[in-house]
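Undergrad:
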Amino acid sequence: MTQGRGGLADLGRFSEPALLILVSLAGGAKHGYAMMEDIEGLYGVRLGPGTLYGALTRLEDRGLIEALPAADRRRPYRLTARGADLLRARLAQLDRFATAGLRRLEAR
Amino acid sequence: MSDWLRASLIRLYPEGWRRRYGEEFAALLAARRLTPAAIGDVALGALDAHLQQGSLTMGRQRWSLYGRWLLLHAALGVAAFVLLEQLHGAGPRPAVLRHGVAVVLLACLVIGGVAQWLVLRRHLRLSAWWLLATVAGAGAGASALLLLGQRSRLSRGIFHGMFPEDLVLWAAICGVIGTGQWLQLRRTNRRAGWWVLASAVAGAGLLPANAIAAGVMRALANSAPVMEHYARPYALEWLAFRGIAGGILYALVTGLALAWLYRPPAQARAQPVASGVSGS
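Chains as they are written, first to last, in numbering that gives the first Met the number 0: chain A, 0 to 107; chain B, 0 to 279.
#1: Return no unless some Cβ of chain A is closer than 8 Å to the Cβ of S7 (chain B).
#2: Taking the alpha helix (DSSP H) that L58 (chain A) falls in, what are its first and last residues?
#3: Quick one: measure Cβ to Cβ for V113 (chain B) and A244 (chain B), integer angstroms, because I've assumed they're closer than 8 Å.
#4: For L257 (chain B) and L119 (chain B), which I take to be in contact (beta-carbon distance under 8 Å), what is that distance rounded to the nearest angstrom?
#5: According to DSSP, which residues form a beta bridge with R5 (chain B)?
#6: Buried or exposed for E22 (chain B), please, with buried defined as at least 16 other CB atoms from any protein chain shown within 10 angstroms of its CB.
#7: Can you pull the chain B neighbours of P16 (chain A), defined as C-beta to C-beta under 9 Å?
#8: What's the gap between the Cα of T56 (chain B) and the Cα of L50 (chain B)?
#9: Please report whether the beta-carbon of G47 (chain A) lies at a distance below 8 Å from any beta-carbon of chain B.
#10: Looking only at its own chain, which residues have a Cβ that is under 6 Å from the Cβ of A208 (chain B), when we skip the five neighbours before and after it?
#11: For a contact defined as C-beta to C-beta under 7 Å, what are the partners of R73 (chain A) on chain B?
#12: Can you name, in chain order, every residue of its own chain whose Cβ lies under 8 Å from the Cβ of D84 (chain A), other than the five neighbours on each side?
#13: If you reduce the DSSP assignment to three classes, tell me which class L182 (chain B) lands in.
#14: How would you list, in chain order, the residues of chain A whose beta-carbon sits under 9 Å from the beta-carbon of V167 (chain B)?
#15: Determine the burial state of S280 (chain B): buried for a count of at least 16 other Cβ atoms within 10 Å of its Cβ, exposed for fewer.
#16: So, using beta-carbon positions, are Q183 (chain B) and A132 (chain B) closer together than 8 Å?
#17: Give me the residue from B:Q115, B:R185, B:V195, B:F24 with the minimum Cα distance to R74 (chain A).
#18: Quick one: what's R73 (chain A) bridged to in DSSP?
#19: When you compare the CB of S1 (chain B) with every CB in chain A, is at least one pair closer than 8 Å?
#20: Please tell me whether T79 (chain A) has its Cβ less than 8 Å away from any Cβ of chain B.
#21: Quick one: residues in its chain with C-beta nearer than 8 Å to the C-beta of A170 (chain B), no 5 flanking neighbours on either side, listed in chain order?
#22: For L7 (chain A), name the three-state secondary structure that DSSP assigns.
#23: Which residues does DSSP list as the beta-bridge partners of E65 (chain A)?
#24: F13 (chain A) and R57 (chain A) - do their beta-carbons sit closer together than 8 Å?
#25: Of the choices A:R89, A:L101, A:L18, whose alpha-carbon is the least far from that of G53 (chain A)?
#26: Does the distance from the CB of L119 (chain A) to the CB of I64 (chain A) come in under 8 Å?
#27: Determine, using beta carbons only, whether L338 (chain B) comes closer than 8 Å to chain A.
#28: How long is the line joining the alpha carbons of A210 (chain B) and G242 (chain B), rounded to whole angstroms?
#29: Kindly indicate which residue of B:D2, B:W194, B:G15 has the alpha-carbon position closest to the one of V175 (chain B).
#30: Can you confirm whether Y32 (chain A), when its beta carbon is compared against all beta carbons of chain B, has any partner nearer than 8 Å?
#31: Since L43 (chain B) and P48 (chain A) are thought to touch, with beta carbons under 8 Å apart, how far apart are those beta carbons, to the nearest angstrom?
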């Protein structure tokens, strides 16, 4: 896989939740609960609160997302330019992977 | 009950984490039902936050730094011992005493190094520079030791007693080492100048701590007077005990000085920590 240090590959068990968060934030800034709802609707997975914030803190540490001013105790987050670039590259990689896999299945 | 449970779950997280994320995390927990799976997930998240912060354990990189720090201090102890041997000449001291002095020095430096590193690892991202500064400072300190020793023709062993010049000598050595470390500390702390004074005080305190430990040993062993005790070959366990006593004092002075230097600003201390939960 790609990315290396500062990417998603070194996030361990948080790499998949982090990708889901980035995809969710690609649709606009969201706070934690809205992200959970969005990810469940998009991907069918309900992230636990601990998992969500474990991934959020790592993404923020790496400068891939940034916090916006809190409103009513809820703090929205948005993608940074670096986060958008990394997400784009990661999705393109997954797209190539999925295409190759489907092509192989069709050839059977 | 559920509010109490939510607040308890948030309190599982480290204080720094709660200060940053506590409010919004409380809002998130309040907005959803707490299933056993969610409770388990939050508990694991809290453990992960502690691990991330390094308060329960250290990652591979931190272990690496930790190991280098200890090795460096151990090497400094050996270097100081060799230099002192050169400075004081090949006296009639038996091998067990020479080894014992090395044990004392190593114990002091390792214990002191652990205390300093435990504080610094939370604050210095470029801790490797601290190691370099320590080496540079130790080199300067050893040079000063040699220079002072040649000029004053000191002939006593380093642990022969609490003579004023010994206190000054060790304060100077540790002060110079502290100055080397200050070169790194001043990048991140505007009060870093105090570190030099703390290092010198800790260095001067090594001899009294050692003498007190020797006195305790004498009382325990009901043996010869302190000065006579100094003159005889020591058992390594006694020397190790004295080294640990000196190391603890050195660690206390320098560790507390670092904790003071890097204490949170008053504004942050006054800021309440988010841990309570109310309905959404």
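Every residue gets a Cβ at the ideal spot worked out from N, C-alpha and C, and that includes glycine.
All values derive from a computational prediction rather than experimental measurement.
TA: The short version:
#1: Translated into the one-based positions of the second sequence, residue 7 (chain B) becomes position 8. S7 (chain B) does not count as touching chain A.
#2: Taking the first residue of the first sequence as position 1, residue 58 (chain A) is located at position 59. Per DSSP, L58 (chain A) belongs to the alpha helix (DSSP H) from 48-60.
#3: By one-based count along the second sequence, residue 113 (chain B) stands at place 114. By one-based count along the second sequence, residue 244 (chain B) stands at place 245. With 8 Å as the limit, V113 (chain B) and A244 (chain B) do not qualify as a contact, their Cβ atoms being about 15 Å apart.
#4: The residue you call residue 257 (chain B) lines up with position 258 of the second sequence. The residue you call residue 119 (chain B) lines up with position 120 of the second sequence. Indeed, because the Cβ distance is near 6 Å, the residues count as touching under 8 Å.
#5: The sequence position of residue 5 (chain B) within the second sequence is 6, counting from 1. Under DSSP, no beta-bridge partner is assigned to R5 (chain B).
#6: Counting from one through the second sequence, the residue named residue 22 (chain B) turns up at place 23. Buried, because 16 or more other Cβ atoms sit within 10 Å of the Cβ of E22 (chain B).
#7: Stepping through the first sequence from its first residue, residue 16 (chain A) is reached at position 17. Those within 9 Å of P16 (chain A) in chain B number zero; the least Cβ separation is about 11 Å.
#8: Within the second sequence, residue 56 (chain B) is the residue found at index 57, counting from 1. Within the second sequence, residue 50 (chain B) is the residue found at index 51, counting from 1. With a pLDDT of 40 at T56 (chain B), under the threshold of 50, the modelled position of that residue is not reliable, and the figure given next carries that caveat. Roughly 6 Å between the two C-alpha positions.
#9: Position 48 of the first sequence, counted from the start, is the residue given in the question as residue 47 (chain A). Output row for G47 (chain A): interface = yes.
#10: In the second sequence, residue 208 (chain B) corresponds to position 209, counting from 1. Cβ within range, chain order: A244, G245, L248.
#11: Taking the first sequence and counting its residues from 1, the one referred to as residue 73 (chain A) is at position 74. Going along chain B in sequence order, the residues near R73 (chain A) (Cβ under 7 Å) are E23, A26.
#12: Taking the first residue of the first sequence as 1, we reach residue 84 (chain A) at position 85. Hits under 8 Å: none found.
#13: Here residue 182 (chain B) refers to the residue found at position 183 when the second sequence is read from its first residue. If DSSP states are grouped into helix, strand and coil, L182 (chain B) belongs with the helices.
#14: Here residue 167 (chain B) refers to the residue found at position 168 when the second sequence is read from its first residue. Ordered by position in chain A, no residue passes the 9 Å Cβ test against V167 (chain B), which lies about 47 Å from the chain.
#15: What the structure shows of chain B is the stretch from 0 to 279, and residue 280 (chain B) is not part of that stretch, so it cannot be assessed.
#16: The residue given as residue 183 (chain B) occupies position 184 in the second sequence. The residue given as residue 132 (chain B) occupies position 133 in the second sequence. Cβ atoms of Q183 (chain B) and A132 (chain B): closer than 8 Å.
#17: As a working note, residue 74 (chain A) is residue 75 in the first sequence. When each option's Cα is compared against that of R74 (chain A), the closest is B:F24.
#18: Here residue 73 (chain A) is taken as the residue at index 74 of the first sequence, counted from 1. Bridge partners of R73 (chain A): A:A70.
#19: As a working note, residue 1 (chain B) is residue 2 in the second sequence. Answer no: the Cβ-Cβ gap between S1 (chain B) and chain A never drops below 8 Å.
#20: The count along the first sequence starts at 1 and reaches residue 79 (chain A) at position 80. No - not a single Cβ of chain B is within 8 Å of the one on T79 (chain A).
#21: Counting from 1 along the second sequence, the entry for residue 170 (chain B) is found at position 171. So the qualifying residues of the chain are A199, V200, G202, A203.
#22: Start at 1 with the first residue of the first sequence, and residue 7 (chain A) comes out as number 8. DSSP places L7 (chain A) in coil when its eight states are reduced to three.
#23: Position 66 of the first sequence holds residue 65 (chain A). Answer is A:R77, bridged to E65 (chain A).
#24: Residue mapping note: residue 57 (chain A) aligns to position 58 of the first sequence, counting from 1. Residue mapping note: residue 13 (chain A) aligns to position 14 of the first sequence, counting from 1. Cβ distance < 8 Å, so R57 (chain A) and F13 (chain A) count as in contact.
#25: The residue you call residue 53 (chain A) lines up with position 54 of the first sequence. Of the candidates A:R89, A:L101, A:L18, the one whose C-alpha sits nearest the C-alpha of G53 (chain A) is A:L18.
#26: As shown, chain A starts at 0 and ends at 107. That puts residue 119 (chain A) outside it, with no answer to give.
#27: There is no way to answer for residue 338 (chain B), as the model of chain B reaches only from 0 to 279.
#28: Sequence index remark: in the second sequence, residue 210 (chain B) carries index 211 (1-based). Sequence index remark: in the second sequence, residue 242 (chain B) carries index 243 (1-based). The alpha-carbon atoms of A210 (chain B) and G242 (chain B) are separated by roughly 11 Å.
#29: Here the question's residue 175 (chain B) lines up with position 176 in the second sequence. The residue with the shortest Cα to Cα distance from V175 (chain B) is B:W194.
#30: Within the first sequence, the letter at position 33 stands for residue 32 (chain A). Cβ-Cβ to chain B under 8 Å: yes for Y32 (chain A).
#31: Within the second sequence, residue 43 (chain B) is the residue found at index 44, counting from 1. Within the first sequence, residue 48 (chain A) is the residue found at index 49, counting from 1. Actually they do not touch by this definition, with Cβ atoms about 10 Å apart.
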